[in-house]
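Take a look at the structure below.
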Amino acid sequence: MKKAFIWCDCDLDGAMSYTTLCWYLEYDIPFRTVTVKDFEQQFSAWAQYNKDKYEKIFIVDLDVSKCPPEIIDLPNIVIIDHHKSHKNEYKNATAIIEQETSCTKLIYKTISKKMDIADDQKYLILLADDYDSYKLQVKDSYDLNVVYWSYQGNRVQKFYTDFKAGFKGFNNFHKNIILLHKKKFTDLKNNLEPYKAFLVIKGEEIKFVACFADSCINELADYIINKHKADVGVIVNLNTSRFSLRRSKSCSIDLSMLVNKIGTGGGHEYAAGGEMDDKFITFSKLLLPIHEQISTSTKRIQPKSGDV
């Protein structure tokens, strides 16, 4: 019987969660990446033939609490997640569910007393945590995410290969990717066509600013929030039929709840994303070009599903 298998999210935090567990178990663990949306279908098909082959099956950085218990609530499964929406109702699986700035940090907190890792490895954990919480207080965390999403194919494997020994700086390939990204971001900013809308949430008028983009999502959200003094930035990706939300530092709206008022998705209090369903189409009808005047009757609209 093989020792372990890991299922992880496909973002930087998922990749770093995988890397940290590899450091802890001291070998390169087989894995698969998946989104929350596709987890149930993919895991069910895989588990049918593989669930008894491993001593431990880790599911990390994924809110799988909506999956039927018979699929994941098994004695050899370990679920580690930091999402606020994750409900811990497992009877057989080992579950470490705790609100934290990243799943990477939660894993490290859980196992740090049982492992000894180098400073370069600790710094890589710090970078991943700083980006996933989007505090951006640590040098290189933003650029690390740029490098991660530049990988083609199996991103987690390529990230692990490049940073298995921890963060020792970017190589020349990484530096070129970062430069190209900055140029692309500048071009996108210069060609934006932003829109705005207002919703009244819990008695407070919330300004939304939106634009279309298929890359530089977080950066553009921050840019339109700051440039147009918005409470929430909305990036609409027509290629994937998804939208992304990010809030300003002065806004206290819980985006993990808001995302399901204007669409269907999930995420964190400060960042979330979802699918462009009928609810989002209804919301999008409120959006007008940024310089167009909005009447009072248009502005004072509350989400039909209640307060956030």
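The sequence shown runs 32 to 339 under this note's numbering.
Cβ coordinates follow ideal geometry from the N, Cα and C atoms, glycine included.
{"Query": "Can you give the Cα-Cα distance for Ser-96 and Glu-323, rounded to whole angstroms?", "Result": "43 Å"}
{"Query": "Figure out for me which residue from Lys-136, Pro-99, Glu-129 and Tyr-85 has the closest Cα to the Cα of Ala-46.", "Result": "Lys-136"}
{"Query": "Taking only the alpha-carbon atoms, compute the straight-line gap between Ser-328 and Phe-229 and give it to the nearest angstrom.", "Result": "Unreliable positioning characterises Ser-328 in this predicted model, as indicated by a pLDDT of 45, which lies under 50. A coordinate reading is not provided."}
{"Query": "Could you compute how far the alpha carbon of Glu-250 sits from the alpha carbon of Lys-84?", "Result": "42 Å"}
{"Query": "Give me, in chain order, the residues of the same chain whose beta-carbon lies closer than 7 Å to that of Tyr-80; leave out the 5 immediate sequence neighbours on both sides.", "Result": "none"}
{"Query": "DSSP state of Ala-252, grouped into three classes?", "Result": "helix"}
{"Query": "Where does the unbroken alpha helix (DSSP H) through Ile-60 begin, and where does it stop?", "Result": "Segment: none, Ile-60 is in no alpha helix (DSSP H) and carries neither H nor E."}
{"Query": "So, helix, strand or coil for Asn-123, using DSSP?", "Result": "coil"}
{"Query": "Does the beta-carbon of Pro-320 have 16 or more other beta-carbons within 10 angstroms, so that it is buried, or is it exposed?", "Result": "exposed"}
{"Query": "Taking the CB atoms as reference points, tell me whether Ala-124 and Ile-108 lie closer together than 7 Å.", "Result": "yes"}
{"Query": "In angstroms with no decimal places, state the Cα-to-Cα distance between Ile-110 and Asp-160.", "Result": "19 Å"}
{"Query": "List the whole-angstrom C-beta distance separating Cys-39 from Asp-104, where the pair is believed to meet the contact cut-off of C-beta under 8 Å.", "Result": "Not confirmed; about 19 Å, so no contact."}
{"Query": "May I ask you to check if the CB of Ile-255 is nearer than 6 Å to at least one heavy atom of the ligand HEM?", "Result": "Judged by which ligands are present, the structure shown has none, so any question about the ligand HEM falls away."}
{"Query": "Where DSSP assigns a beta bridge to Pro-99, which residues make up the other side?", "Result": "DSSP output for Pro-99 lists no bridge partner at all."}
{"Query": "Thinking C-alpha only, which one of Val-267, Lys-118, Ala-244 and Lys-238 is nearest Ala-261?", "Result": "Lys-238"}
{"Query": "Quick check: the Cα distance between Ile-37 and Glu-236, rounded to an integer number of angstroms?", "Result": "43 Å"}
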